[in-house]
Every structure is written in structure tokens, then in C-alpha cells.
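Worksheet for the structure shown next.
In the numbering used here, the protein residues as written are 28 to 207.
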């Protein structure tokens with residue numbers, strides 16, 4: 028059965044996007060990362076939040092714009108939204124509830140990972156007990172404001188177990204498992 032993995036690049040001060048979802052800061056830190064490159068072949072499906080799906084792209088203005096992992100991955104994508112577009116998008120399924128989105132993406136992923144993209148959808152997966160692992164690539168920058176890696180007003184306690192720590196030229200990678 029597929030595992031649910033939240034993978035993301037984060038600034039040292041805990042932000043995954045700048046104010047208003049700005050991703051331009053990330054462009055300077057999209058370099059070679061063996062951990063991520065090894066992961067890509069193990070991803071069977073993406074589960075994406077609506078703001079992430081329709082949001083800013085660190086590859087804006089390049090041939091990699093709009094492509095998952097800059098074009099390094101291709102496969103089924105599931106977008107959690109209450110407002111699906113009128114026209115179908117090839118390879119993208121729009122789902123209206125978190126339970127349905129998790130079930131559909133896991134079925135599509137088979138024995139591989141469902142890679143979660145977006146802080147809010149990751150938080151929702153935590154709330155329903157669906158998140159299995161977290162891979163955070165920490166970029167050597169502080170951006171000061173924006174979208175946090177994990178934000179749960181009122182707080183919540185999610186115990187994690189470190190699986191690995193690795194270095195890449197432009198990031199330090201922390202891979203964790205959710206302890207149940």
C-alpha cells in the first residue's frame with residue numbers, strides 16, 4: 028500500500044513559500060539533490076493543494092514551468108479543491124474532500140509514495156492520521172515571512188522519528204517518519 032509523504036524545501040526560518048505564496052526565493056536553491064533525485068522514481072502519484080496547484084512556480088519563465096519536480100516526474104495528480112475547473116486537465120483529477128483525495132491518490136500510487144505538495148493539504152493529512160513520512164530539504168536562507176512548513180493554530184503534537192539526514196550542495200535533508 029502507498030505511503031503518504033510530505034516533501035518540501037523550507038527556508039531555515041521555517042517557510043516553504045514567501046508572502047502571498049511567492050516561490051521565487053526557491054529558484055536559487057533548486058540544484059542537484061541526490062535524495063530528491065532518488066525519491067522521484069519512487070513517487071506513484073501527487074496529492075496537491077489547490078493553492079499550490081494554481082500558485083507560483085519557482086521555475087517561472089523557464090521550460091520547466093508547470094511541471095512536477097521541474098519536469099523530472101510525470102504521473103497522476105490529484106488536486107484537493109471545492110472548485111474544479113470547467114474543463115478537464117489531462118493527468119489531473121480534482122477531488123472535493125480530503126478522504127476521497129487520499130484514497131484516490133493511494134490507489135493510483137500502488138506500492139509507491141503519494142507525494143503531498145502544499146502546507147494546508149499536509150496539515151489536513153496530519154489531522155486525519157494519513158501522513159506517514161516527511162522529507163524536508165532545508166535551504167540555507169531565511170526569508171522572514173510567508174507560508175510555514177506546518178501551521179496548526181491552537182497547536183498539535185506530531186511525534187516524528189528521524190529516518191535519515193543527508194547533505195546536498197544546496198540543502199540539508201531531513202527524512203522523518205510519523206510515529207503513531
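Note that CB positions come from ideal geometry on N, CA and C, so glycine has one too.
None of the values given here were measured: they were computed from a predicted structure.
Rounded to whole angstroms, what's the CA-CA distance from residue i to residue j? Just pull it up for me.
i	j	result
residue 62	residue 110	34 Å
residue 71	residue 191	21 Å
residue 126	residue 135	14 Å
residue 150	residue 182	11 Å
residue 120	residue 60	29 Å
residue 30	residue 154	16 Å
residue 80	residue 106	7 Å
residue 122	residue 116	13 Å
residue 199	residue 55	15 Å
residue 93	residue 87	8 Å
residue 209	residue 185	In the structure as shown, the chain starts at 28 and stops at 207, and residue 209 therefore has no counterpart that could be examined.
residue 162	residue 201	6 Å
residue 133	residue 43	24 Å
residue 124	residue 101	24 Å
residue 49	residue 140	27 Å
residue 83	residue 51	8 Å
Does the separation of the CB atoms of residue i and residue j fall below 7 Å?
i	j	result
residue 169	residue 40	yes
residue 96	residue 67	yes
residue 46	residue 147	no
residue 32	residue 160	yes
residue 77	residue 108	yes
residue 176	residue 205	no
residue 145	residue 75	yes
Starting from residue i, trace the alpha helix (DSSP H) in both directions and tell me its first and last residue.
i	result
residue 62	61–67
residue 106	Unbroken run through residue 106 is the beta strand (DSSP E), 104–107; no alpha helix (DSSP H).
Considering just the uninterrupted stretch of the beta strand (DSSP E) at residue i, what are its terminal residues?
i	result
residue 191	187–195
residue 138	Neither: residue 138 is in no beta strand (DSSP E) and is coded neither H nor E.
residue 204	198–205
residue 36	30–38
residue 44	42–44
Do you know whose CA, among the options, lies nearest residue i's CA?
i	options	result
residue 57	37, 69 and 45	37
residue 195	165, 108, 140 and 51	165
Point to revise | Ordered list of alpha helix (DSSP H) runs contained in the segment 116–187, each at least 4 residues | key: 125–136 and 146–154
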